[in-house]
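Chemist:
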Amino acid sequence: MNVSVFFALLRRDIRVARKELLFFLIRTTMQPLLFVIVFGYLLPKMNFSQPGYQTVLLPGILAVSLSLSAIQSVALPMVQDFGWTKEIEDRLLAPVPTPLIAAEKIVAAMIQGTIAAAFVLPIARLVMGPIAGLTLAHGGEVALIVLLGSFAFSSLGMWLGTAIPPQQIGLMFSVIVAPMLFFGCAYYPWRGLDVVPVMKYLVLVNPMVYVAEGMRGALTPNVPHMPLAAVGLALVIIAVVFWVLGMRSFYKRAIG
Amino acid sequence: MHPSFLFSSHRETHEPMAAIETHALRKVYPGAPATKRRGGPSRRTPSGAPGMPGMPGMPGMPPGIRPPGGDVIALQGLDLEVREGEFFGLLGPNGAGKTTTIGILTTRVKPTSGTALIAGHNVASDPVGVRQRIGVVPQRPNPDRSLNVLENLVFHAAYFGIPSSVATPRANALLAQLDIAEKANAKVDEMSGGQQQRLMIARALIHEPRVIFLDEPTVGLDPQTRLSLWDILRGLHAEGRTIVMTTHYMEEADKLCDRIAIVDRGELLELDTPEALKERAPGGTLVEVSLSGPADNVLEATRTLDGVLRAESHGDVLRVYSDRGGRVISPVIQVAEEGGLNVTNVSLTEPSLETLFVARTGRKLD
Chain F
1 MNVSVFFALL RRDIRVARKE LLFFLIRTTM QPLLFVIVFG YLLPKMNFSQ PGYQTVLLPG
61 ILAVSLSLSA IQSVALPMVQ DFGWTKEIED RLLAPVPTPL IAAEKIVAAM IQGTIAAAFV
121 LPIARLVMGP IAGLTLAHGG EVALIVLLGS FAFSSLGMWL GTAIPPQQIG LMFSVIVAPM
181 LFFGCAYYPW RGLDVVPVMK YLVLVNPMVY VAEGMRGALT PNVPHMPLAA VGLALVIIAV
241 VFWVLGMRSF YKRAIG
Chain E
257 MHPSFLFSSH RETHEPMAAI ETHALRKVYP GAPATKRRGG PSRRTPSGAP GMPGMPGMPG
317 MPPGIRPPGG DVIALQGLDL EVREGEFFGL LGPNGAGKTT TIGILTTRVK PTSGTALIAG
377 HNVASDPVGV RQRIGVVPQR PNPDRSLNVL ENLVFHAAYF GIPSSVATPR ANALLAQLDI
437 AEKANAKVDE MSGGQQQRLM IARALIHEPR VIFLDEPTVG LDPQTRLSLW DILRGLHAEG
497 RTIVMTTHYM EEADKLCDRI AIVDRGELLE LDTPEALKER APGGTLVEVS LSGPADNVLE
557 ATRTLDGVLR AESHGDVLRV YSDRGGRVIS PVIQVAEEGG LNVTNVSLTE PSLETLFVAR
617 TGRKLD
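Line by line, the protein sequences give chains F and E. The first sequence begins at 1 in this note's numbering and counts up by one. The second sequence begins at 257 in this note's numbering and counts up by one.
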């Protein structure tokens, strides 16, 4: 029963996502794609950036697309559904344990995050031209980082979407998401922060760092990056913490 | 003793006959976190509330009122039983605890103490078993606006494990029965409020639940739509479904329900058939007179007037039960003016659930 209901919930979310695919992609990939145009195309063309910067940038852009869309795909519907539309209530009446409904939302967002990253990769490659050192040879590692990264950020989205009061959701983007993007080692490698040691260690609290560094390790292994084992461990810990927080917060909103 | 035993049938012995039972059901909402203090529950007792200090929820504590940092008692020990096939009404003003009761019975609100069983399944320990057996029509329509009308029903059925090959014909039949078949492929937003409420009823029925809950189903609907919704509900009842409806419209409860529980401030005041309840209403027409000062001053003089069965004062309001209808109004006004008070408003109510409620609570229904 639980399995069939889980897939029914997932089918619903996929049906809705398919209807809104274009808007979803614009919403979640516009920001990274604009970055690609400015930093991956214009600046190199103006000779304002060093050769090889695009190799550093591409995995970071993918990390941003993945994380941003995974967060949004859970947080926005949660804020709307619990805040005013109450539409999720038909699913809360399903005869399954309530956490299963939250788990399904997280899985749906993981899929959407992966789609967003897969959508951005060819466009970024097209805009930036050939990228030195880019390899798709380590498919398994890429898949693992995508899986763990989208899991961590969907769970974070679940937590933020259910714990933050709806009227402050705009604040969530400027206070939590924006700093996460800019201090997430997406637009520069973590090793580059050797020049500002305080920052190098401060940014370690930022989950984005591990997704970006993991993408580098898997897609552009020649760029200096964190060891993949460390990245994997950090993402597992982060994902579990956000999962627990997200599940608890969802349950509190669902059952009064 | 158990009224449900009257309805013996061939059901398996494990499924008790009562559709719903509650025992000493209580719900206390903790005080607002911002004003919560560390001094333990005794310091959170509403100031000025009668009853026992430190024991929120004791009789006499006004629920539904939120003192700064205090707990809100939404239900204080509800005991009731709904029989199989019954149309049961929960009647009370806003804040009476109706929605909390429905919330608990539909597993969306956790009771603080007491038990509630739906077809023998405990809402607290077996919410999944309960959800399997209930359909819910919410106070405000909350259809899934990302799906069309038919999809709303077929997906809802899928959440109950019903394959679309079974759900689709059933959904079409329900849409036809509720007279919205032509909207099957429409967007939800293209429907009127009344049509959306019908869609909510269809959704509550698609998985064939044993008990249907309707929370104030006609609030915000125009009179004509309300009447057609009443017809639909009567039809469902005639099919033998167990229906529990909350309402603060006396007429709605009176016309539709087999039995009515009158609730106020989290307490069950009366529970009987509409006919029996109306017989219990104090005799005579209720004449309510608002005065410019304390009604106590003229209470004794009013009681001596011809045709006055009973008179009570509630602050500046004088309540007179008259066996002469409105003909007591002018003597009452005269008495009031002789007592130095001006009359600011007069209203009349025939004996009804409304006058029973007023007599029991000292307040009006809405």
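Where is the CB? At the ideal position from N, CA and C, for every residue including glycine.
Does the beta carbon of asparagine 252/E come closer than 9 Å to any beta carbon on chain F?
Modeler: Lying before the first or after the last residue shown, residue 252/E is absent from chain E, which here runs from 257 to 622.
Chemist: Kindly confirm or deny that the region 67-82 of chain F and the region 153-160 of chain F touch, where touching means at least three C-beta pairs closer than 8 Å.
Modeler: yes
Chemist: Between which two residues does the beta strand (DSSP E) carrying serine 369/E extend?
Modeler: As a first step, residue 369/E must be located in the second sequence, where it is residue number 113. From DSSP, the beta strand (DSSP E) with serine 369/E extends over 369-374.
Chemist: Less than 9 Å between the beta carbons of cysteine 185/F and valine 209/F, yes or no?
Modeler: Stepping through the first sequence from its first residue, residue 185/F is reached at position 185. Stepping through the first sequence from its first residue, residue 209/F is reached at position 209. In contact: cysteine 185/F and valine 209/F (Cβ atoms closer than 9 Å).
Chemist: In whole angstroms, what separates the C-alpha of glutamine 54/F from that of alanine 63/F?
Modeler: Taking the first residue of the first sequence as 1, we reach residue 54/F at position 54. Taking the first residue of the first sequence as 1, we reach residue 63/F at position 63. If you take the alpha carbons of glutamine 54/F and alanine 63/F, they lie about 14 Å apart.
Chemist: List, in order along the chain, the chain F residues whose C-beta lies closer than 9 Å to that of arginine 401/E?
Modeler: Within the second sequence, numbered from 1, the residue matching residue 401/E stands at position 145. Thr85 and Glu87, listed in chain order.
Chemist: In chain F, which residues lie with their C-beta within 8 Å of the C-beta of lysine 366/E?
Modeler: On the second sequence, residue 366/E is found 110 positions in, with the first residue counted as 1. Here the neighbours are Ile255 and Gly256.
Chemist: Give, in chain order, every residue of the region 11-25 of chain F whose Cβ lies closer than 8 Å to some Cβ of chain E.
Modeler: Those residues of the region 11-25 of chain F that come within reach of chain E (Cβ to Cβ, closer than 8 Å) are Arg11, Arg12, Arg15, Val16, Lys19 and Glu20.
Chemist: Starting from leucine 76/F, find everything on chain E with Cβ-Cβ shorter than 8 Å and list it in chain order.
Modeler: Stepping through the first sequence from its first residue, residue 76/F is reached at position 76. Those within 8 Å of leucine 76/F in chain E number zero; the least Cβ separation is about 12 Å.
Chemist: Does the pairing of the region 517-531 of chain E with the region 551-567 of chain E give three or more beta-carbon distances under 8 Å?
Modeler: no
Chemist: Can you tell me which of the three DSSP states serine 155/F falls into?
Modeler: Against the first sequence, residue 155/F aligns to sequence position 155. In this structure, serine 155/F counts as helix in the three-state DSSP scheme.
Chemist: Quick one, which of Ile585/E, Gly618/E and Val591/E has its alpha-carbon nearest leucine 604/E's?
Modeler: The count along the second sequence starts at 1 and reaches residue 604/E at position 348. Nearest C-alpha to leucine 604/E: Ile585/E.
Chemist: Identify, in the order they occur along the chain, each residue of the same chain with its Cβ nearer than 6 Å to the Cβ of histidine 377/E, setting aside the five sequence neighbours on each side.
Modeler: The residue given as residue 377/E occupies position 121 in the second sequence. So the list reads Gly385 and Val386, once near-sequence residues are dropped.
Chemist: From threonine 617/E to histidine 412/E, what does the alpha carbon distance come to, in whole angstroms?
Modeler: Within the second sequence, residue 617/E is the residue found at index 361, counting from 1. Within the second sequence, residue 412/E is the residue found at index 156, counting from 1. Straight-line spacing of the CA atoms in threonine 617/E and histidine 412/E works out to 41 Å.
Chemist: Are the Cβ atoms of methionine 128/F and leucine 58/F separated by less than 9 Å?
Modeler: For the purposes of this step, residue 128/F is taken as residue 128 along the first sequence, with counting starting at 1. For the purposes of this step, residue 58/F is taken as residue 58 along the first sequence, with counting starting at 1. The answer is yes: Cβ separation under 9 Å.
Chemist: Tell me the rounded alpha-carbon separation between proline 607/E and arginine 575/E.
Modeler: Taking the first residue of the second sequence as 1, we reach residue 607/E at position 351. Taking the first residue of the second sequence as 1, we reach residue 575/E at position 319. Distance between the alpha carbons of proline 607/E and arginine 575/E is about 13 Å.
Chemist: Let me know if glutamate 508/E comes out buried or exposed under the rule of 16 or more other beta-carbons within 10 Å of its beta-carbon.
Modeler: Translated into positions along the second sequence, residue 508/E becomes position 252. Its Cβ being crowded by 16 or more others within 10 Å, glutamate 508/E is buried.
Chemist: Could you pull out every residue in the same chain whose Cβ sits closer than 7 Å to the Cβ of asparagine 206/F, ignoring the five residues on either side in sequence?
Modeler: Indexing the first sequence from 1 puts residue 206/F at position 206. So the list reads Met180, Phe183 and Gly184, once near-sequence residues are dropped.
Chemist: With a cut-off of 9 Å, does the C-beta of leucine 93/F fall near any C-beta of chain E?
Modeler: Within the first sequence, residue 93/F is the residue found at index 93, counting from 1. With 9 Å as the cut-off, leucine 93/F counts as an interface residue toward chain E.
Chemist: Take aspartate 514/E as the anchor and find which of Ser402/E, Ile276/E and Phe344/E has the nearest alpha-carbon.
Modeler: As a working mapping, residue 514/E is identified with position 258 in the second sequence. In terms of Cα proximity to aspartate 514/E, the closest of Ser402/E, Ile276/E and Phe344/E is Phe344/E.
Chemist: Indicate the three-state DSSP secondary structure (helix, strand or coil) for methionine 311/E in the structure shown.
Modeler: The count along the second sequence starts at 1 and reaches residue 311/E at position 55. Caution is warranted here: a pLDDT of 33 is assigned to methionine 311/E, below 50, making its placement in the model unreliable, and no coordinate value can be reported.
Chemist: May I have a chain-ordered list of the alpha helix (DSSP H) segments no shorter than 4 residues that lie completely inside the region 324-362 of chain E?
Modeler: 354-361
Chemist: Would you please verify whether the beta carbon of proline 179/F is less than 9 Å from any beta carbon of chain E?
Modeler: Your numbering for residue 179/F matches position 179 in the first sequence. No - not a single Cβ of chain E is within 9 Å of the one on proline 179/F.
Chemist: If we ignore side chains and look at the alpha-carbon of each, how far apart do glycine 549/E and leucine 281/E end up?
Modeler: Residue mapping note: residue 549/E aligns to position 293 of the second sequence, counting from 1. Residue mapping note: residue 281/E aligns to position 25 of the second sequence, counting from 1. Looking at the backbone, the Cα of glycine 549/E and that of leucine 281/E are separated by about 41 Å.
Chemist: So, under 8 Å CB-CB, alanine 615/E and leucine 547/E are touching, yes? Tell me the CB distance rounded to an integer number of Å.
Modeler: Position 359 of the second sequence, counting from 1, holds the residue named residue 615/E. Position 291 of the second sequence, counting from 1, holds the residue named residue 547/E. Not confirmed; about 20 Å, so no contact.
Chemist: Whether or not the region 487-498 of chain E and the region 399-416 of chain E are in contact is what I'm after, with contact meaning three or more pairs of Cβ atoms, one per stretch, closer than 8 Å; do they touch?
Modeler: no
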